[in-house]
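S.K.:
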Amino acid sequence: MDEICKQIRRMTVECIGSIGSGHIGGSMSIAELMKVLYFDKMNVDPANPKMEGRDRLVVSKGHAGPVVYATLALKGFFPKEWLYTLNKFGTNLPSHCDMNKTPGVDMTAGSLGQGFSCAVGIAIGSKIKKDGATIYTIIGDGESQEGQIWEAAMLAASKKVDNLIGFTDYNGMQLDGNVEDINSLGNLKSKWKAFGWYTQEIDGHDCEAISTAIDRAKAKKGQPSMIILKTVKGKGISFVEAAGYKSHSMSMNKENVEAALAELQ
Amino acid sequence: MMMREAFGSTIAELMRKDERICVLDADLANCNGTAGLRNEFPERAFDVGIAEQNMASVAAGLSSYGFVPFISSFTPFATRRICDQIAISIAYAKQNVKIVGSDPGISAQLNGGTHMSMEDIGVLRSIPTMVIFEPADNEQMIQALPQIVDYNGPVYIRMFRKECPDIFGKDYKFDLFKADKIKEGKDITIFATGIMVKTSLDAAEKLKAEGIDAEVINVHTIKPIDAEAVIESLKKTKCAVVAENHNVIGGLFSAVSEVAVQNCPATIIPVGVKDVFGEVGKLGELAEKFEMTEKDVIEAAKKAFAAK
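Note that the protein sequences, when read in sequence, are chains S and U. Read in the working numbering, the first sequence has 145 at position 145, and its numbers run on one by one without any break. Position in the second sequence counted from 1, then plus 265, gives you the working numbering.
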């Protein structure tokens, strides 16, 4: 495993461990993506988080806050000590991402489906301003059951919003169980293609593959891009992976934290 | 002039001066006076199709990018249908989005019950930071829009989109956040908003002939309500009627009562839709059916006056 990805995972574990429980499963599944975005691809400046014309990320699956915070802290947006304030009263790091609280967070999200539309709006805004920014957004597979996702999908393709790159964290699990059992997404790749998106499906834990897919998406003109990431909920920590859908939000007591950190050395 | 024309032409003027302003529609641009904007501002005025939830959040995204988006639809689709998007993408995220809902309450007329929002003020009034504005005529709409653009935060504009009688002349000036005493009186206060302002002014004239000197206050901004104006008038008249084109639950009657009960309890009688759904009909027919005519305001005023 890539050293930075390990570090992001360790910091996410410590972050959630500081409050004893949280959204560990869906945080672990996007660690590679967060690494590639913030350490290889995105034009951002931790010293100037509101920099004009910067690339932006909307984490529409807002419950992945902990892995976002770990990545932003590692990148230098705020001190690492902040990670230990997750969900504590008065914190700048609330359970779900909040642009008005956390430096480096570009949009508030948590009510599923909405962040994705916001990202489409941001990408349209960037096109009006012609500032050349790339707008990234991450949605969950469970989140894809929201009708608003598909309203936004239609509009982005219709308006040829080609500065928008979306990722689906397809870990196959949601709070109540397996996506397939609850409300199957069917052939997700075909759906995105049919909605007019340039669609790729890759291993979401392969940094090289993510990087290449982003380069291809950036080169594609006239269409928004969707990169479906085949991922594992809880990736990298065996007992979290084994918890299956129950890792959506689970206990990270002292014992669990120690076991997880030992595995992530 | 129809109010939607006043709205469309004023917005066009503002868009010429201010490149931040965008206008998004959900397939009702031809109803709301915004379709013409697309010719002059093809990038900043566009249709998202029949997808109001997406429209609200896309607007929030644009706002986060420094734009001042106006989104427009009929009131039920601009409010109750997208309540969560307004609450979270817009208000909670502190985005500067202006929401224009047309055809409020019974003014949806022949579109009937499905298109009649009797609850839109109530729905949005309980969302923190929302400003709720309902103009009484075209002049007020024209003067409000630059103030609404200057104000940084979410605003709901409740627009009667069709032909409406003029109340104010060109020399009229008003402040978005101050209720407007448009007729001085000492016996009773009529707090009114939207189409009920003209009805209330007419009722006040008739009441005068019957020896009741009514004060009429145009509460164009229902949230934040101008508490000072409510208290000052009620301390003088000690009774009131609240006239609104909305359910008597959650709207202006509730807003005025909330101020009164804490500061200057008085008999306050509502004139509005009494917690029932709408139905098809012409404005006059519906006003009769829902007891929102000049006669109803007069009767309510007499009752309140007698009770004090």
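Even for Gly, the Cβ is constructed at its ideal location relative to N, Cα and C. As the structure is a prediction and not an experimental result, all values here were calculated from the model.
From the beta carbon of S:V120, is the nearest beta carbon of chain U less than 8 Å away?
M.R.: For the purposes of this step, residue 120 of chain S is taken as residue 120 along the first sequence, with counting starting at 1. Judged by the 8 Å Cβ criterion, S:V120 is in contact with chain U.
S.K.: Return the residue from the list S:N48, S:A152, S:M28 that minimises the CA-CA distance to S:G65.
M.R.: Residue 65 of chain S sits at position 65 when you count from the first residue of the first sequence. Closest by alpha carbon: S:M28.
S.K.: Quick one: give me the first and last residue of the beta strand (DSSP E) that S:K230 is part of.
M.R.: For this step, residue 230 of chain S is matched to residue 230 along the first sequence. Run containing S:K230: 225-230, per the beta strand (DSSP E) assignment.
S.K.: Please list the residues of the region 144-169 of chain S that have a C-beta atom closer than 8 Å to any C-beta atom in chain U, keeping them in chain order.
M.R.: Residues passing the 8 Å Cβ filter: G147, Q148, E151, A152, M154, L155, S158, K159.
S.K.: Count the other CB atoms, across all protein chains shown, that sit within 10 Å of the CB of S:G115; report buried if there are 16 or more and exposed otherwise.
M.R.: Counting from one through the first sequence, the residue named residue 115 of chain S turns up at place 115. By the 10 Å Cβ count, S:G115 comes out buried.
S.K.: Run through chain S and tell me which residues come within less than 7 Å of U:A310, C-beta to C-beta.
M.R.: Locating residue 310 of chain U in the second sequence gives position 45, counting from the first residue. Here the premise fails: no neighbours, minimum Cβ distance about 11 Å.
S.K.: On the three-pair Cβ rule with 8 Å, is the region 503-515 of chain U touching the region 452-459 of chain U?
M.R.: Flag = yes, the region 503-515 of chain U and the region 452-459 of chain U touch.
S.K.: Would you identify the three-state DSSP class for S:G166, choosing helix, strand or coil?
M.R.: Here the question's residue 166 of chain S lines up with position 166 in the first sequence. Correct three-state label for S:G166: strand.
S.K.: Could you check if U:T464 is buried or exposed, using at least 16 other CB atoms within 10 Å of its CB as the buried criterion?
M.R.: For this step, residue 464 of chain U is matched to residue 199 along the second sequence. The residue is buried, with at least 16 neighbouring Cβ atoms inside 10 Å.
S.K.: For U:F456, which residues does DSSP report across the bridge?
M.R.: Here residue 456 of chain U is taken as the residue at index 191 of the second sequence, counted from 1. DSSP output for U:F456 lists U:I482, U:V507 as bridge partner(s).
S.K.: Do U:I351 and U:I364 have their C-beta atoms closer together than 8 Å?
M.R.: Along the second sequence, read from residue 1 onward, the residue named residue 351 of chain U stands at position 86. Along the second sequence, read from residue 1 onward, the residue named residue 364 of chain U stands at position 99. Yes. Within cutoff.
S.K.: Is the CB of S:S95 under 8 Å away from at least one CB in chain U?
M.R.: On the first sequence, position 95 is the one that residue 95 of chain S refers to. So, not an interface residue.
S.K.: Which first and last residues belong to the beta strand (DSSP E) in which U:P535 is found?
M.R.: As a first step, residue 535 of chain U is located in the second sequence; it is residue number 270 there, counting from the start. U:P535 -> beta strand (DSSP E) spans 532-538.
S.K.: By alpha-carbon positions, which one of U:E544, U:F335, U:K435, U:L410 ends up nearest to U:H380?
M.R.: Indexing the second sequence from 1 puts residue 380 of chain U at position 115. Checking every option, the nearest Cα to that of U:H380 belongs to U:E544.
S.K.: Taking the C-alpha atoms as reference points, what is the distance between U:E428 and U:T340?
M.R.: Indexing the second sequence from 1 puts residue 428 of chain U at position 163. Indexing the second sequence from 1 puts residue 340 of chain U at position 75. Spanning the two alpha carbons is a distance of roughly 17 Å.
S.K.: Which residues in the same chain as S:V13 place their Cβ atom closer than 8 Å to its Cβ, once the five residues preceding and following it in sequence are excluded?
M.R.: In the first sequence, residue 13 of chain S corresponds to position 13, counting from 1. Only I24, I237, M252, V257, A260, L261, L264 meet the Cβ criterion.
S.K.: Considering only C-alpha positions, which residue in the set S:T102, S:E255, S:I210, S:G76 is nearest to S:I8?
M.R.: To locate residue 8 of chain S, count along the first sequence from 1; it is residue 8. When each option's Cα is compared against that of S:I8, the closest is S:G76.
S.K.: Since U:I422 contacts U:I413 with CB under 8 Å, what's their CB separation in whole angstroms?
M.R.: Along the second sequence, one-based indexing puts residue 422 of chain U at 157. Along the second sequence, one-based indexing puts residue 413 of chain U at 148. Correct: roughly 7 Å between the Cβ atoms.
S.K.: Could you check what DSSP says for U:T299 in three-state terms: helix, strand or coil?
M.R.: If you number the second sequence from 1, residue 299 of chain U lands on position 34. Looking at U:T299 - three-state DSSP - the assignment turns out to be coil, as it is neither helix nor strand.
S.K.: Go ahead and label S:M1 buried or exposed: buried means 16 or more other beta carbons lie within 10 angstroms of its beta carbon, across all protein chains shown.
M.R.: Taking the first residue of the first sequence as 1, we reach residue 1 of chain S at position 1. Exposed, by the Cβ-count rule.
S.K.: How is S:A217 classed by DSSP in three states: helix, strand or coil?
M.R.: Taking the first sequence and counting its residues from 1, the one referred to as residue 217 of chain S is at position 217. Helix, per DSSP.
S.K.: What do you reckon, is the C-beta of U:A409 under 7 Å from a heavy atom of the ligand GTP?
M.R.: With respect to the ligand GTP, the structure offers nothing, as it holds no ligand at all.
S.K.: Per DSSP, which residues does S:E201 bridge with? Please list them.
M.R.: Within the first sequence, residue 201 of chain S is the residue found at index 201, counting from 1. S:E201 is bridged to S:I228.
S.K.: Looking only at its chain, what residues have a beta carbon closer than 6 Å to the beta carbon of U:Q318, apart from the 5 residues adjacent to it on each side?
M.R.: Here residue 318 of chain U refers to the residue found at position 53 when the second sequence is read from its first residue. Cβ within range, chain order: I347, Q350.
S.K.: In this structure, does DSSP put S:S126 in helix, strand or coil?
M.R.: The sequence position of residue 126 of chain S within the first sequence is 126, counting from 1. Three-state result, S:S126: helix.
S.K.: Out of S:E143, S:A209, S:C207, which one is the CA nearest neighbour of S:L188?
M.R.: The residue given as residue 188 of chain S occupies position 188 in the first sequence. Out of S:E143, S:A209, S:C207, S:E143 has the C-alpha closest to the C-alpha of S:L188.
S.K.: Report buried or exposed for U:Q527, applying the criterion of at least 16 other Cβ atoms within 10 angstroms of its Cβ.
M.R.: For the purposes of this step, residue 527 of chain U is taken as the residue at position 262 of the second sequence. By the 10 Å Cβ count, U:Q527 comes out exposed.
S.K.: Name the DSSP beta bridge partners of S:I138, please?
M.R.: The sequence position of residue 138 of chain S within the first sequence is 138, counting from 1. Beta-bridge pairing links S:I138 to S:V59, S:F167.
S.K.: With a threshold of 8 Å between beta-carbons, can U:F456 be considered close to chain S, or not?
M.R.: In the second sequence, the residue the question calls residue 456 of chain U occupies position 191. Not closer than 8 Å to any Cβ of chain S, the Cβ of U:F456 fails to qualify, so no.
S.K.: Would you mind reading off the limits of the alpha helix (DSSP H) that contains U:C287?
M.R.: Against the second sequence, residue 287 of chain U aligns to sequence position 22. Counting along the chain, U:C287 falls outside any alpha helix (DSSP H), though it belongs to the beta strand (DSSP E) covering 286-290.
S.K.: According to the neighbour-count rule (16 or more other Cβ atoms, all chains shown, within 10 Å of its Cβ), is S:V105 buried or exposed?
M.R.: For the purposes of this step, residue 105 of chain S is taken as the residue at position 105 of the first sequence. Result: buried.
S.K.: Does the CB of S:T108 have a neighbour CB from chain U at under 8 Å?
M.R.: To locate residue 108 of chain S, count along the first sequence from 1; it is residue 108. Yes - at least one Cβ of chain U is within 8 Å of the one on S:T108.
S.K.: Any beta carbon of chain S sitting closer than 8 Å to that of U:N319?
M.R.: Along the second sequence, one-based indexing puts residue 319 of chain U at 54. Judged by the 8 Å Cβ criterion, U:N319 is in contact with chain S.
S.K.: Could you tell me which chain U residues have their CB closer than 7 Å to the CB of S:S281, listed as they occur along the chain?
M.R.: Since the first and last residues shown for chain S are 1 and 265, residue 281 of chain S lies out of range.
S.K.: Since U:K446 sits in a beta bridge, which residues does DSSP pair it with?
M.R.: Looking up residue 446 of chain U in the second sequence gives position 181. In DSSP, U:K446 forms a bridge with U:I482.
S.K.: Can you tell me the Cα-Cα spacing of S:G172 and S:A217, whole angstroms?
M.R.: If you number the first sequence from 1, residue 172 of chain S lands on position 172. If you number the first sequence from 1, residue 217 of chain S lands on position 217. S:G172 and S:A217: Cα-Cα distance of roughly 24 Å.
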